[in-house]
Amino acid sequence: MKGMTLIEIIIYVAILAFVATALMSMSINLISLNNKSSAQQELSATMRLISDKINYEIKNAKSISSTTASSFILNQSDSARNQTVFDLNSGNLRMGYGVGGSCPTSSPCPLNSNLINISNFIVTNLSSGDSKTENIKYSLTGNYINTSGRVEFNVVQTVNSSQEIRSP
């Protein structure tokens, strides 16, 4: 027997097609998981940086000037940074400080990248009335901007935190 029968060739081709289909499916799933992981990492890093920045500014503030449902203003000891404003505007969480510089209160700069949309920013002033215990609680919801329409880029994250102003 020197050759292969037609049945053997059909079996070999079927096995090869099955293996190729499995490898293709696995490759597509790996690419999809990589895309989802990248979107989650971008969102998580942005939300963590924003939360750290907010907490730092609250902790180092002199006092809370005012709060609304989606913004707050802090009084700072440093006159160049007085006042510091955080607000939500068109999907961007913005921060402005002082009257000059690159991000004054009159023209705050976004803290999130253009890949992340901040859909919700809820601020609650938990201060007790005396200036010794000024505290702000906030909730921040962000989502990765999905321009491709692919489901793996639909990533949402919410951060809840509160921070007390250090005693002078």
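For reference, each letter of the sequence shown is one residue, going 1371 to 1538 in our numbering.
We put the beta carbon where it would ideally sit given N, CA and C, even for glycine.
Per DSSP, residue 1422 forms a beta bridge with which residues? The residue you call residue 1422 lines up with position 52 of the sequence shown. BP columns for residue 1422 are empty, so no partner.
I need the boundaries of the beta strand (DSSP E) containing residue 1504, first residue and last residue. Here residue 1504 refers to the residue found at position 134 when the sequence shown is read from its first residue. That residue, residue 1504, is in no beta strand (DSSP E); it is neither H nor E in DSSP.
Within 10 angstroms of the Cβ of residue 1533, are there 16 or more other Cβ atoms? Answer buried if so, exposed if not. On the sequence shown, residue 1533 is found 163 positions in, with the first residue counted as 1. Burial call: buried.
Can you round the beta-carbon distance between residue 1490 and residue 1509 to whole angstroms, since I take them to be within the 8 Å contact cut? If you number the sequence shown from 1, residue 1490 lands on position 120. If you number the sequence shown from 1, residue 1509 lands on position 139. Indeed they touch by this definition, with Cβ atoms about 7 Å apart.
Residue 1458 and residue 1440 look like a contact to me (Cβ under 8 Å); what is the Cβ gap, rounded to whole Å? The residue given as residue 1458 occupies position 88 in the sequence shown. The residue given as residue 1440 occupies position 70 in the sequence shown. Confirmed, about 5 Å.
Which one of 1536, 1495 and 1484 has the shortest CA to CA distance from residue 1324? Past the boundaries of the shown model lies residue 1324; the chain is included only from 1371 to 1538, so the question cannot be answered.
Quick check on residue 1414: does DSSP put it in helix, strand or coil? Locating residue 1414 in the sequence shown gives position 44, where the first residue counts as 1. In this structure, residue 1414 counts as helix in the three-state DSSP scheme.
When DSSP labels each residue in this structure, what does residue 1389 get in the three-state scheme? Along the sequence shown, one-based indexing puts residue 1389 at 19. Three-state result, residue 1389: helix.
Beta strand (DSSP E) containing residue 1463: first to last residue? The count along the sequence shown starts at 1 and reaches residue 1463 at position 93. Where residue 1463 is concerned, the enclosing beta strand (DSSP E) stretches over 1462-1467.
For residue 1445, three-class secondary structure by DSSP: To locate residue 1445, count along the sequence shown from 1; it is residue 75. The answer is strand: DSSP assigns residue 1445 an E or B state.
Boundaries of the beta strand (DSSP E) in which residue 1521 is found, first to last residue: Your numbering for residue 1521 matches position 151 in the sequence shown. Careful: residue 1521 lies outside any beta strand (DSSP E) and carries neither H nor E.
Using 10 angstroms around the beta-carbon of residue 1517, count the other beta-carbons present and answer buried if the total reaches 16, otherwise exposed. Along the sequence shown, one-based indexing puts residue 1517 at 147. Exposed, by the Cβ-count rule.
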